[in-house]
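Colleague: Following the numbering used here, the numbering of the sequence shown begins with 5 at its first residue and continues without gaps. Even glycine gets a Cβ: it sits at the ideal position worked out from N, Cα and C.
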Amino acid sequence: MAQRVLIDASDRIDAIFLDLNIENPLDGIELLGYIRKNLPKMPVAIITSESETDVVKKVLSHQPQDYLIKPLSVHKVQRSLAKFKASAENSVANS
């Protein structure tokens, strides 16, 4: 279900904040892999309380733009959005 929504709405989505602790029916890592395969340029920030090395390695192999550890703060989210904006502006400037 989430995959179909992402594809159908991808032209209206600027960035994704994805909690690893979901099952819809994919878990967060599987959904991140799906996003990377089908929407490779979509900025993604992972939200998690997970700091276990194996999980972090698996997530980072899918190259999210950010990895946010819970609890979240407004500052963390703003910093992530600023990264997304800078990356988008850089892409436009280089095209």
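Three-state secondary structure (DSSP) at A86?
Modeller: Three-state DSSP puts A86 in a helix.
Colleague: Does the beta-carbon distance from S91 to P44 come in below 8 Å?
Modeller: Not closer than 8 Å, so no.
Colleague: Let me make sure I understand the geometry here. Which of A13, Y71, S99 and A97 has the alpha-carbon closest to that of L22?
Modeller: Ranking the options by Cα distance to L22, first place goes to Y71.
Colleague: What residues match up with Y71 in a beta bridge as DSSP calls it?
Modeller: BP columns for Y71 point to I50.
Colleague: Roughly how many whole angstroms lie between the Cα atoms of D18 and E27?
Modeller: Approximately 23 Å between the Cα atoms of the pair.
Colleague: Taking all protein chains shown into account, decide if A49 is buried (16 or more other Cβ within 10 angstroms of its Cβ) or exposed.
Modeller: Buried.
Colleague: Using 8 Å as the cut-off, can you tell me whether the stretch 77 to 94 makes contact with the stretch 52 to 67, which would need three or more C-beta pairs spanning the two stretches below that distance?
Modeller: No, the stretch 77 to 94 does not touch the stretch 52 to 67.
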